[in-house]
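Residue 7 is where the sequence shown starts when you use the numbering used here, and the numbers rise one by one after that.
No residue lacks a Cβ here, since even glycine has one placed at the ideal position from N, Cα and C.
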Amino acid sequence: MEFEAISAPTINELFENRLQDMILSGELAIGEKLPTEQELADAMHISKSTVHNGIKSLERKGFLRVTPRHGVHVANYPETGNLDTLVALLKRSGNRLDRQLVKSILQFRESVEGTAVRLLAAEHTTGHILRLRMYIDEFRKAAQGGAGLRELAELLFDYHLYIALKSGNTVIPMVLNGFHDVSLAFWQMWIRQTGTEDAALFLEHFTAFIAANDGDAAMALYRESAAAFMAGAFGDAGSI
C-alpha cells in the first residue's frame, strides 16, 4: 500500500480549483460570462490579485476566454484546450481514463513514438539495446520487490523516453515529457490490466525487434498488444 504526502492547497489553488470544478460540472456553462474580478473577490472573500491570477491560469489551460472590454467567458474547452486542460481533466477524474481517451492515447503513441522506434531500429548501437534491457531488468526487480504501480509506471515511461531520446529526433522527447502525467495514468492502467510479467515479456520482444533493425515488426507487436489491452479493459475487439 502506498501513502502519499499531504499538502495543504493555497488560496490561489483553492480558487482556481473551485472555478475549474464549476466549469467541468456544468455549473458554469460554456459561453457564460463571469462576474468582474472585483465582484468575484468580494463574493468569495479573497483578494483581487488571487482572482486575477486564477483567471489567467485557467485561460492558459483553455477553460476561460478573456476578451478586452468584453470580460471573461467560459471557453469551449474541448476545442480550445491544450495539454494543461487534459491534465486537469485527468486529475479531476482521479487518473481514471475512459475508453475514448485510452484509444486516443494509443493512437497518439503509435504515430509519435512509432517514429522514434523506427528511427532507433534503423540506427542503434549495442549500448542502446543494453540500456533498454537494463530498464526491463529494473522493471522486473521493482515488481518483484513490491513496488507500487506509480513507480513501475515511471520505469515504463523512462524506457519509452529513452527510445525517443536515442532516436535522433529532438522534438519527440519533449512531446513525451509534456505528456508525462497522462502517460503515468495510462501505464498504471496497462500494468494493472496486463500484469507485470507479461508487461516485461512485451518489452523484451519489443526490444528484440529494435535490435533486429525491424521497427515495423516492433510496431506491429505494439498494435497487437494495444488491441488486446482494449479488449481486456473495455471489451473492444479489433485494431485501435
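In this structure, how does DSSP classify residue i when only helix, strand and coil are distinguished?
| i | result |
| --- | --- |
| Leu25 | helix |
| Arg71 | strand |
| Val177 | coil |
| Gly77 | strand |
Do you know whose CA, among the options, lies nearest residue i's CA?
| i | options | result |
| --- | --- | --- |
| Ala159 | Arg146, Leu171, Ala170 | Arg146 |
| His211 | Ile197, Trp193, Gly201, Ser231 | Ser231 |
| Tyr141 | Leu209, Glu45, Pro74 | Leu209 |
| Ala128 | Pro15, Ala224, Asp220 | Asp220 |
| His76 | Arg105, Pro41, Leu89 | Pro41 |
| Leu171 | Met28, Glu203, Val123 | Val123 |
| Gly174 | Ala153, Arg198, Thr121, Gly133 | Thr121 |
| Glu43 | Asn59, Gly87, Arg139, Ala224 | Asn59 |
| Ala148 | Arg137, Leu161, Asp204, Met28 | Leu161 |
| Asn23 | Lys67, Gly152, Gly201, Val72 | Lys67 |
Among residues of its own chain, excluding the 5 on either side of residue i, which ones have a beta-carbon nearer than 7 angstroms to its beta-carbon?
| i | result |
| --- | --- |
| Ile17 | Ile52, Thr56 |
| Val118 | Ile178, Val181 |
| Leu96 | Asp187, Val188, Ala191 |
| Leu92 | Val188 |
Mind checking whether residue i and residue j have CB atoms under 7 angstroms apart?
| i | j | result |
| --- | --- | --- |
| Ala217 | Ile111 | no |
| Leu126 | Ile169 | yes |
| Ala237 | Gln199 | no |
| Phe215 | Ala205 | no |
| Thr213 | Leu138 | yes |
With a threshold of 6 angstroms on Cβ separation, who are the neighbours of residue i within its own chain once the five nearest residues in sequence on each side are excluded?
| i | result |
| --- | --- |
| Leu190 | Ala159 |
| Asn88 | Gly68 |
Against chain D, with Cβ distances strictly below 7 angstroms, would residue i count as a contact?
| i | result |
| --- | --- |
| Gly77 | Note that chain D does not occur in the displayed structure, where there is just one protein chain. |
Taking 8 angstroms as the limit between beta carbons, can you name the residues of its chain near residue i, skipping five residues before and five after?
| i | result |
| --- | --- |
| Leu167 | Pro179, Leu182, Asn183 |
Notebook entry, point to check: How do the region 28-37 and the region 76-89 stand: do at least 3 beta-carbon pairs fall below 8 angstroms, yes or no?
Noted result: Contact between the region 28-37 and the region 76-89 is present: 3 or more CB-CB pairs across the two stretches fall below 8 angstroms.
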